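> There's a structure below that I have some questions on.
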Amino acid sequence: MPGLVLQALPQAEPGPARIGFTVTKKVGNAVIRNRTRRRLKEAARLLLQTRPVGAVDLVLIGRDATRARPFLVLMDDFARALDKVGVA
RNA sequence: UCAGGUGGCUGGGCGGCCGCUGCGUUCCGUUUACGGGGCGUGGAGGAAAGUCCGGGCUCCACGGGAAGACGGUGCCGGCUAACGGCCGGCGGGGGUAACCCCAGGGAAAGUGCCACAGAAAAUAAACCUCCCGCUCGGCUAUGCGGGGAAGGGUGAAACGGGGCGGUAAGAGCGCACCGCGCCCCUGGUGACAGGGGCGGCAGGGUAAACCCCACCGGGAGCAAGACCGAAUAGGGGUGGCCGGCGGCAUCGCAAGAUGGACGCGGGGGCUUUCUCGCCCCGUCACCCGGGUUGGUCGCGUGAGGCGUGCGGUAACGUACGUCCCAGAGGAAUGGCCGUCCAUCGCAGCCGAAGCGAGGACAGAACCCGGCUUAUAGGCCACCUGACAUU
RNA sequence: GGACCCGUAGCUCAGCUGGAUAGAGCGUCGCCCUCCGAAGGCGAAGGUCGCACGUUCGAAUCGUGUCGGGUCCG
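Pasting the structure below:
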């Protein structure tokens, strides 16, 4: 059960890294979607302070499990996802 | 104590660390613009939801009358800016009660429909049965003629109900009661209620069938709309109509210009039509091509919240005091931890302790008043019924 | 922000306007046919008509409310 899905794309014209969030209607109503996005946002904020990335665009997609995932585990998910796409 | 009814409130509390955002102030980078830091302060809901009604606001249209169409509302009185909302009554229905529910105008304006069953489903009629007569007396069956609509049967519903009298049998034929209709009186602003008289039953149901009556209703929506700036363009095509046409006079070589009388002729808009009237005349429709998604305002002092007094049965109104209370860009109000209070689970029940789980429905997008829907749990007040005690 | 449409058998749809039997095709099951299967023939099962309340003698159909799904315009 994944905590999140990460998409990454190098920027054509290098600049600061950008992050977008996607939580579809399948996940739940507005409250659930908002909360899911906020947890992803907080995890990205904390993690990218310690290991910055280069000129890439990141998209974080929230899933059902994102809402109830323990926060430290969610951050670990994000770190392993960054390793897999290789944008360290 | 238990069961129930009505109305209202609440919608986890406290603390710590790291963040987001509006405003104010201050400092720094680079003076503006902008960015960053510090400090202070504010930061979702009772439904923010559905978008079912009613308004504010903004733009567009706007001259009056009549008829009509469409949509909505529908007992009475009041409240309200308004409402299909709310309050108080009336009538009907349910409940032992507190109390709850009701689209609740008109069926003698007209049209339609009422399956099956049944004789008959709404100008009425008569299947079985009942009664009388058809030379006399008795019996039976049938037929014919007549009386009548009480009884049987069918149906959701059968042309007032059941009772007494009456009669050959019957019938509002007569009588009282009930129902119904009309008239009058009394009370009430009214819906309506109470009473009296008359009629002798006419008028089945359905209007959430068409319809009739009364009342209400311009269109669009903050992506409304206003300002500033940038860029591009200052367009093209097709069609309709118009700027008039015909005819006359004068000037002119002509094209054309001017003139006023006559005849004929428009289009579009203002309400669907009509009538009167008004406005516009290079305008309308469609298509092609080009540009724009930047900023600011609108944007929160409002039919505003809270408290107290007064008027009113109430909805509500009013006076005084006090408060300023989210507003951004598709969108901030978050993440983690500790603790407490509720809740649930851990042995079938009760109690205690411990451990664990873990916060209902749900996120403002111009604003307001309602309605409807979702919602774990908790609290308060009043009332009803039963039991117990005094 | 506005305008609409649809919920009926496992699936796709009729029936609704104009009220009284809930139907069709495919699918499923059983039998026949065949050495077996397909096709074909015969038969059967299978339905809260999204939900609630109401109108009516009677509701899939009419009215109101509500839930879910979908479409279009800006």
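So in numbering that gives the first Met the number 0 the end of the first sequence lands on 87, straight run, no missing numbers. All C-beta atoms in this analysis are idealised placements derived from N, C-alpha and C, irrespective of residue type, glycine included. Because the structure is a prediction, the values reported are computed rather than measured.
How many Å lie between PRO69 and GLY27 at the Cα?
Mapped onto the first sequence, residue 69 falls at position 70. Mapped onto the first sequence, residue 27 falls at position 28. Distance between the alpha carbons of PRO69 and GLY27 is about 19 Å.
> According to DSSP, simplified to helix, strand and coil, what is ARG62?
The sequence position of residue 62 within the first sequence is 63, counting from 1. Coil.
> With 16 other CB atoms within 10 Å as the buried threshold, where does ARG17 fall?
In the first sequence, counting from the first residue as 1, residue 17 sits at position 18. By the neighbour-count rule (16 or more Cβ atoms within 10 Å), ARG17 is not buried but exposed.
> Grab me the residues of ILE31's own chain with a C-beta within less than 8 Å of its C-beta, minus the 5 sequence neighbours each way, in chain order.
On the first sequence, position 32 is the one that residue 31 refers to. Taken in chain order, the residues that qualify are ARG66.
> Starting from the Cα of PRO51, find the closest Cα among ALA29, LEU81, LEU73 and GLN10 and give me that residue.
The sequence position of residue 51 within the first sequence is 52, counting from 1. It is LEU81 whose Cα lies nearest to the Cα of PRO51.
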